[in-house]
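Counting from 1, position 83 in the sequence shown corresponds to residue 85 in the numbering used here; the numbering is continuous, with no gaps.
Each remark here refers to the structure printed beneath this line.
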Amino acid sequence: MSIIHGTQEPNFRPGHLYKYRSFASDCDKQRLLHIIQANEIYCSSPASFNDPFDCKVPPVDSYDPAFVRYLIAARSAKTEEEHCEVYRKFVAPRMLKNTELKAFRSGLKAHEQKKFECILRNIQEKVNKSGVISFSINNDSILMWAHYASSHRGVCLIFSSEKWPDIRESLYPVTYRTTRLPLILNRQNFDAGQLFQAVILTKDQGWSYEQEWRVITPKSGPLKFCDQALVGVILGCNMADEDKARVRNAVGGRSHIALYEARVKESCFGLEILKY
3 MSIIHGTQEP NFRPGHLYKY RSFASDCDKQ RLLHIIQANE IYCSSPASFN
53 DPFDCKVPPV DSYDPAFVRY LIAARSAKTE EEHCEVYRKF VAPRMLKNTE
103 LKAFRSGLKA HEQKKFECIL RNIQEKVNKS GVISFSINND SILMWAHYAS
153 SHRGVCLIFS SEKWPDIRES LYPVTYRTTR LPLILNRQNF DAGQLFQAVI
203 LTKDQGWSYE QEWRVITPKS GPLKFCDQAL VGVILGCNMA DEDKARVRNA
253 VGGRSHIALY EARVKESCFG LEILKY
């Protein structure tokens with residue numbers, strides 16, 4: 003499976019990426035051991051996410067009228083000059099006022115609205131067909147261990163972005179907001195592709211503790227990673243000894259995969275990650 007490379011690269015890229023995994027059910031255990039032994043991780047479909055706002059294109063009423071007309075007109079622009087002229091005509095002269103935003107329904111012609119809804123529907127379909135791998139840059143989050151690693155009974159996988167170059171150039175940080183995406187055009191090169199990317203990489207502020215980074219693939223399904231990419235496994239502080247043994251056996255003699263364990267700190271609410 004290939005990786006989707008974006009046009010805008012973040013200034014900061016984390017050296018290590020952390021993937022919390024459950025080890026509760028037989029299915030969970032089978033999937034985790036498969037990741038370790040087969041060097042293969044699953045890219046999830048956004049349609050399966052538990053947050054009803056995650057990876058969802060905002061409704062028509064939330065869009066700036068100038069952006070709506072621009073996006074519709076830009077689809078027919080055949081040259082860069084025509085594209086820039088469309089931008090100057092619909093967007094560049096001024097920022098829109100709240101009264102104009104409220105007048106969206108009455109100001110947008112019916113056929114324009116249908117075209118725009120069709121564009122948004124196509125983008126949502128593309129988003130739903132894509133694949134997403136979610137990582138964190140935090141390996142000691144009490145909440146994430148509880149939510150995603152079966153109440154601290156699971157593990158946290160450690161990947162090196164430097165040793166997994168295919169995704170190092172395709173990593174994007176998630177942006178957290180208190181309001182839904184304000185899709186007002188402010189750059190000439192803003193297009194449906196950027197809207198697609200923004201939809202996948204924008205979440206509610208309540209999720210900010212996850213410090214999430216995402217890799218976007220053209221479709222959901224398994225993705226191979228090179229043998230050296232997985233550099234460590236952190237065992238949860240509540241993990242059963244027999245489960246620790248299964249993970250240790252899965253790692254086998256691969257010396258580049260270090261084993262750690264999370265331990266509860268005695269002096270404060272926190273975890274410390276120590277060599278196993």
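All C-beta atoms in this analysis are idealised placements derived from N, C-alpha and C, irrespective of residue type, glycine included.
Every value quoted in this text rests on a predicted model; they were computed, and no experiment measured them.
Taking the Cβ atom as the reference point for each residue, do residue i and residue j lie within a distance shorter than 8 Å?
i      : j      : result
Asp142 : Ile259 : no
Gly133 : Cys45  : yes
Asn240 : Ser153 : yes
Leu19  : Phe25  : no
Lys246 : Leu232 : no
Leu203 : Tyr174 : yes
Tyr278 : Cys158 : no
Val235 : Ile169 : no
Cys261 : Arg250 : The identity of residue 261 in the sequence shown is Leu, whereas the question assumes Cys. Contact flag set, yes.
Ile139 : Trp215 : yes
Phe227 : Trp147 : no
Look at the alpha carbon of residue i and the alpha carbon of residue j, and state the distance between them as a whole number of angstroms.
i      : j      : result
Ser50  : Leu273 : 30 Å
Phe192 : Cys120 : Residue confidence is low: Phe192 scores 44 on pLDDT, short of 50, so the model does not pin down where it sits. Its coordinate-derived value is still stated next. Roughly 18 Å between the two C-alpha positions.
Ala242 : Ile135 : 27 Å
Lys221 : Cys270 : 43 Å
Asp53  : Asn130 : 14 Å
Asn100 : Arg182 : Bear in mind that the predicted position of Asn100 carries a pLDDT of just 49, short of 50, making it unreliable; the figure below should be weighed with that in mind. Their Cα atoms are separated by approximately 16 Å.
Asp229 : Glu42  : 10 Å
Gln213 : Gly223 : 24 Å
Gly254 : Ala200 : 40 Å
Thr180 : Ala252 : 42 Å
Leu122 : Lys128 : 10 Å
Lys117 : Asp56  : 24 Å
Gln32  : Gly208 : 31 Å
Tyr178 : Ser172 : 19 Å
Pro61  : Gln126 : 11 Å
Ile37  : Glu263 : 19 Å
Helix, strand or coil for residue i, going by three-state DSSP, please let me know.
i      : result
His258 : coil
Arg15  : coil
Val217 : strand
Gly234 : strand
Val59  : coil
Arg155 : coil
Phe118 : helix
Lys21  : strand
Ser172 : coil
Phe198 : helix
Ser162 : strand
Cys29  : helix
Mind checking residue i: buried by the 16 CB within 10 Å criterion, or exposed?
i      : result
Ser257 : exposed
Phe14  : exposed
Glu328 : For the chain, the structure presents residues 3 to 278; residue 328 sits outside this window and is missing.
Lys58  : buried
Thr219 : buried
Lys205 : buried
Val176 : buried
Ser210 : exposed
Run through the DSSP bridge pairs and tell me what residue i is partnered with.
i      : result
Thr204 : Thr177
Ala264 : Ile275
Leu225 : Ile43
Val134 : Ser46 and Ile218
Is residue i close to chain C, meaning its C-beta is less than 8 Å from at least one C-beta of that chain?
i     : result
Asp28 : Included in the structure is just one protein chain, with no chain C present.
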